[in-house]
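Enquirer:
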Amino acid sequence: MSSKFPKKTIWIIILILIIGIIFIPKIFPTKSESKKVANPQKKSVTVDYLVLNQEKFDDFIFSNGSILPDEEVDLRSEISGKLEKIYFKEGSFVKKGTTLFKINDDEFQAQMNKLKTRLNLAEIKEKRQRALLEKQGISQEEYDITLNELNLIKADIFELETKIQKTLIKAPFDGIVGLRWVSEGAYISPSTRLALIQKNNPLKVEFSLPQEYTKTLSYQTKVNLIIPESQQEIPANIYAFETRINNNTRTLLVRATVNNSNFKLIPGSYVKVKYKINKDKESFLLPSDVIVPDVEGETVFKYKNGKAVQTLIKTGNKTDSLVEVIEGINKGDTIISSAIIQLRNGIPVKLKEK
């Protein structure tokens, strides 16, 4: 009887041989391959570097500020009456003392005419009584009564003149009058808001400083105002501040003056105030892109004995491109400044020749 393997069995044997050829070398590596695995070559990374030295660094803090007019008054009348005339255009500049509104004073003028007639008669009577007193034709008491009547009329005239003056509402200072809230013919009273007048050059800026920075504060200290729309910086001078720290915010309210001769700044607008807290401070400054965030905090890679050593640091103030480092580094340290993504603590590095 002939013994022949089935075709299926032959194909299974062939498949097993192929799998063995492919995987046995990987499971049992050759001596040369084992040697390569046992002695891997560590390739060093070539990097740029910085040698640390202290530099002058101006330390700033920023605060939110509001533009205020130098002077501002809500124009109102001291007396009630019918508004007879308006003498200004909305949004126009007026000089101090310019008449802006006129209240009807017909009633006061009628009273004035009566008082002037009485004054004329009283003056004539006083003159006659004085002549008689000199000739001892009347007593001193009679003359005093006549003189007193004359003085009372003069006092009534002065009081009425004051009321007539109050029918004229004038500009209290040079400034710009805004929108008016009344029309000619309206009946107004002291509670009626007429218009707003502002003095807009110079302007004031109001902002707050945290308690810890108030020790550096003094009159005429310079600050810079940053206009959000243009990022333009405008100088201003501190002229006053509150006498106590706010109990709730632990900040001090400060005011500064700023020139506004071009009238580009508008009262009520927002600005950022840049306040210098340390002048020409010596600090370690590093580019922001060499600082690596870590679970424990911010770190940098130092170069030590041919290796990259990851070091925890503490940072201070920052600019657009630089960061102040206040702890973790020393003068003369070599800081790796390139290939940061490739670095790991302890890997070999080689400094690029400069």
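Residues in the sequence shown are numbered consecutively from 130, following this note's numbering.
Cβ coordinates follow ideal geometry from the N, Cα and C atoms, glycine included.
#1: So what does DSSP say about Q183, is it helix, strand or coil?
#2: Where do the N-terminal and C-terminal ends of the alpha helix (DSSP H) with I282 fall, by residue?
#3: Could you give the distance in angstroms between the alpha-carbon of G226 and the alpha-carbon of D449?
#4: Cutting at 7 Å between CB atoms, please list the residues of its own chain near L93, excluding the five before and the five after it.
#5: When the Cα atoms are used, what is the spatial distance from Y404 to F222?
#6: Please state whether DSSP places F430 in a helix, a strand or coil.
#7: Can you give the Cα-Cα distance for K479 and S466, rounded to whole angstroms?
#8: Which of the three DSSP states is assigned to N341 in this structure?
#9: Pull the bridge partners of K245 from the DSSP assignment, please.
#10: Given a threshold of 16 other Cβ atoms within 10 Å of its Cβ, counted over all protein chains shown, does L281 qualify as buried or as exposed?
#11: In angstroms with no decimal places, state the Cα-to-Cα distance between K164 and I145.
#12: CA-CA distance, Y316 and V202?
#13: Going by DSSP in three states, Q514 sits in which element: helix, strand or coil?
#14: Less than 8 Å between the CB atoms is what I'm expecting for L354 and A365, so what's the real figure, rounded?
#15: Please report how far the alpha carbon of F191 lies from the alpha carbon of K443, in whole angstroms.
Expert: Checking against the coordinates, here is how it stands:
#1: Numbered from its first residue, the sequence shown carries residue 183 at position 54. Three-state result, Q183: coil.
#2: Working through the sequence shown from its first residue, we reach residue 282 at position 153. It spans Q269 to Q294 - the alpha helix (DSSP H) in which I282 sits, taken as one unbroken run.
#3: As a working note, residue 226 is residue 97 in the sequence shown. As a working note, residue 449 is residue 320 in the sequence shown. Our two residues, G226 and D449, have alpha carbons roughly 51 Å apart in a direct line.
#4: In the structure displayed, the chain extends from 130 to 483; residue 93 sits before or after that span and is not available.
#5: In the sequence shown, counting from the first residue as 1, residue 404 sits at position 275. In the sequence shown, counting from the first residue as 1, residue 222 sits at position 93. Each residue's alpha carbon lies about 33 Å from the other.
#6: Here residue 430 refers to the residue found at position 301 when the sequence shown is read from its first residue. The answer is strand: DSSP assigns F430 an E or B state.
#7: Reading the sequence shown from its first residue, position 350 is the one you call residue 479. Reading the sequence shown from its first residue, position 337 is the one you call residue 466. Taking the straight line joining both Cα atoms gives about 12 Å.
#8: Residue numbering aside, residue 341 sits at position 212 when the sequence shown is read from its first letter. Strictly speaking, residue 341 in this sequence is Glu, with Asn absent from that position. DSSP places E341 within a helical segment (H, G or I) once states are collapsed to three.
#9: For the purposes of this step, residue 245 is taken as the residue at position 116 of the sequence shown. As far as DSSP is concerned, K245 takes part in no beta bridge.
#10: Position 152 of the sequence shown, counted from the first residue, corresponds to residue 281. Under this definition L281 is an exposed residue.
#11: One-based indexing of the sequence shown puts residue 164 at position 35. One-based indexing of the sequence shown puts residue 145 at position 16. Because K164 sits at a pLDDT of 46, beneath the cut-off of 50, its placement in the model cannot be relied upon, and the following sentence gives the value as read from the coordinates. Each residue's alpha carbon lies about 29 Å from the other.
#12: Taking the sequence shown and counting its residues from 1, the one referred to as residue 316 is at position 187. Taking the sequence shown and counting its residues from 1, the one referred to as residue 202 is at position 73. Taking the straight line joining both Cα atoms gives about 21 Å.
#13: Nothing can be reported for residue 514, as the shown portion of the chain is limited to 130 through 483.
#14: Working through the sequence shown from its first residue, we reach residue 354 at position 225. Working through the sequence shown from its first residue, we reach residue 365 at position 236. Yes, they are in contact, since the Cβ atoms of L354 and A365 sit about 5 Å apart, within 8 Å.
#15: Taking the first residue of the sequence shown as position 1, residue 191 is located at position 62. Taking the first residue of the sequence shown as position 1, residue 443 is located at position 314. Each residue's Cα considered, the two are about 21 Å apart.
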